[in-house]
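Chains as they are written, first to last, in the working numbering: chain A, 48 to 203; chain B, 48 to 203. All residues carry an ideal CB built from backbone N, CA and C; glycine is no exception. Structure record follows, encoded as structure tokens.
Protein chains: 2
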Amino acid sequence: MIRMTKLTDYGIMLLTHFARQPDGSMYNARDLAAAAGLPVPTVGKILKMLAREDLLISHRGSKGGYSLARQPHEISVAEIIGALEGPVGLTECSAGPGTCDQESRCPTRSNWNRINRVVLEALKGITLSEMTTEDLRALPAARLRGGPERQPAQKS
Amino acid sequence: MIRMTKLTDYGIMLLTHFARQPDGSMYNARDLAAAAGLPVPTVGKILKMLAREDLLISHRGSKGGYSLARQPHEISVAEIIGALEGPVGLTECSAGPGTCDQESRCPTRSNWNRINRVVLEALKGITLSEMTTEDLRALPAARLRGGPERQPAQKS
DNA sequence: GTGATATAGGACTGAAATGGTTCTCTTTTA
DNA sequence: TAAAAGAGAACCATTTCAGTCCTATATCAC
Numbered sequence: 048m049i050r051m052t053k054l055t056d057y058g059i060m061l062l063t064h065f066a067r068q069p070d071g072s073m074y075n076a077r078d079l080a081a082a083a084g085l086p087v088p089t090v091g092k093i094l095k096m097l098a099r100e101d102l103l104i105s106h107r108g109s110k111g112g113y114s115l116a117r118q119p120h121e122i123s124v125a126e127i128i129g130a131l132e133g134p135v136g137l138t139e140c141s142a143g144p145g146t147c148d149q150e151s152r153c154p155t156r157s158n159w160n161r162i163n164r165v166v167l168e169a170l171k172g173i174t175l176s177e178m179t180t181e182d183l184r185a186l187p188a189a190r191l192r193g194g195p196e197r198q199p200a201q202k203s
Numbered sequence: 048m049i050r051m052t053k054l055t056d057y058g059i060m061l062l063t064h065f066a067r068q069p070d071g072s073m074y075n076a077r078d079l080a081a082a083a084g085l086p087v088p089t090v091g092k093i094l095k096m097l098a099r100e101d102l103l104i105s106h107r108g109s110k111g112g113y114s115l116a117r118q119p120h121e122i123s124v125a126e127i128i129g130a131l132e133g134p135v136g137l138t139e140c141s142a143g144p145g146t147c148d149q150e151s152r153c154p155t156r157s158n159w160n161r162i163n164r165v166v167l168e169a170l171k172g173i174t175l176s177e178m179t180t181e182d183l184r185a186l187p188a189a190r191l192r193g194g195p196e197r198q199p200a201q202k203s
């Protein structure tokens, strides 16, 4: 339903790998690719993106590589997605005026923003450190449904 | 960040149109297209999909059209998205085994499902009737993050 | 210093998904 | 019986995505 690109998926997987290791652990693209079973160029691309968005710190040169820029619990899934999928333009029509023929008459527009915010808040509530939990299913059930962000509203 | 297709966007817009009108109001594709400022064939396609998923009731023949299958407050945004974007396969690798090289060694997999569930729950909490509110921004801010009748769950 | 290693950054390409159209068939009302 | 309207499937152009490749720059080791 909600489409997450493969790149984002991989990105989270790679960052999770860092999060599992001791603080400041450094890995280069080649080793990470091997560990993740992904092609090296693709992993390199993702790591570059993450570094550019300050989720990873890059170390160039021989014996270089990448390490986490922050503690795992300080990095939210929302940030990762934002880093890999751009400035976040949830609905096409939010791209710019003119594209959408009905900007003026469309009453749903403002509501979409609301929806997006709800989703975003839900994602902000999940941190990388939580992703390292082998089996998240063990977390309290309440976490799954309400979440810190939102819940079933009144039936009008 | 999270991509919603245009079709889904339009679909919500169209359903919102129904929700604003008295119960059982019927519209045909042509009129709705005109009201929404969208091409008729496209609107027709969307309406068909929504009818197939039992969100709309179709009335064939001359003087036919569509009407809401349920009360607006009984239709969630999650359902609409599900109807227009298919069975919901959030992450590619959930499509099937074999596609993903690292199924066994990927510890993030189960966590993704968790993330998806959180997002899904958030969307289930928003109903069509809420989308008819002219300006949702006017709602109390607390509504956005917690809501009046359900308490924000614990963070972790 | 020089060479090897590793990231930075951007261009490019094949494949898949999207959005939109068109056509034929069936149903229903006048 | 004819016209209106939905059902359903096939089809096409465009865009997006995933993945690759190439050149430039930085850093470490000798």
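- The alpha-carbon separation between Glu168/A and Ala125/A amounts to approximately 8 Å.
- The Cβ atoms of Thr180/B and Ile128/B do not sit closer than 8 Å to each other.
- Contact with chain B is absent for Ala76/A, since none of that chain's Cβ atoms lies less than 8 Å from the residue's Cβ.
- Across the set Glu121/A, Thr174/A and Leu102/A, the C-alpha of Leu102/A shows the shortest separation from the C-alpha of Ala130/A.
- Taking every protein chain shown into account, the CB of Gly112/B has 16 or more other CB atoms within 10 angstroms, so this residue is buried.
- About 6 Å separates the beta carbon of Leu61/B from that of Leu79/B, a gap short enough to meet the 8 Å contact definition.
- The C-alpha of Arg117/B lies about 26 Å from the C-alpha of Arg164/A.
- Going by C-alpha positions, Pro88/B is about 24 Å away from Trp159/A.
- Annotated as proximal: Leu115/A and Ala66/A, with beta-carbon spacing under 8 Å.
- Shown here, Gly112/B sits in a strand according to DSSP, grouped into three states.
- At a cut-off of 8 Å, the C-beta of Ala169/B has a neighbouring C-beta in chain A.
- His120, Val124 and Ile128: these are the residues of the region 114-128 of chain B whose beta carbon lies less than 7 Å from some beta carbon of chain A, given in chain order.
- Listed in chain order, the non-local C-beta contacts of Ile104/B below 8 Å within the same chain comprise Ala98, Tyr113, Ser114, Leu115 and Ala116, local neighbours out to five positions each way being set aside.
- Taking CB atoms only, Arg99/B has no neighbour in chain A less than 8 Å away.
- Using beta-carbon distances, Val87/A does not count as an interface residue toward chain B, since no partner is under 8 Å.
- For Arg50/B, the secondary structure class from DSSP, reduced to helix, strand or coil, is strand.
- Rounded to the nearest whole angstrom, the C-alpha separation of Leu85/B and Ala82/A is 48 Å.
- Residue ranges of uninterrupted alpha helix (DSSP H) with 4 or more members, entirely inside the region 54-138 of chain B and ordered along the chain, are 76-83, 87-99 and 124-132.
- Counting only the Cα atoms, His106/B lies some 15 Å from Lys92/B.
- Under a 10 Å Cβ-count criterion, Gly172/A is classified as buried, with 16 or more other Cβ atoms of the shown protein chains found around its own Cβ.
- One thing to note: Thr63/A has its Cβ within 8 Å of the Cβ of Leu175/A.
- At a beta-carbon threshold of 8 Å, the residues of chain A lying near Ile162/B are Val124, Leu170 and Ile173, ordered along the chain.
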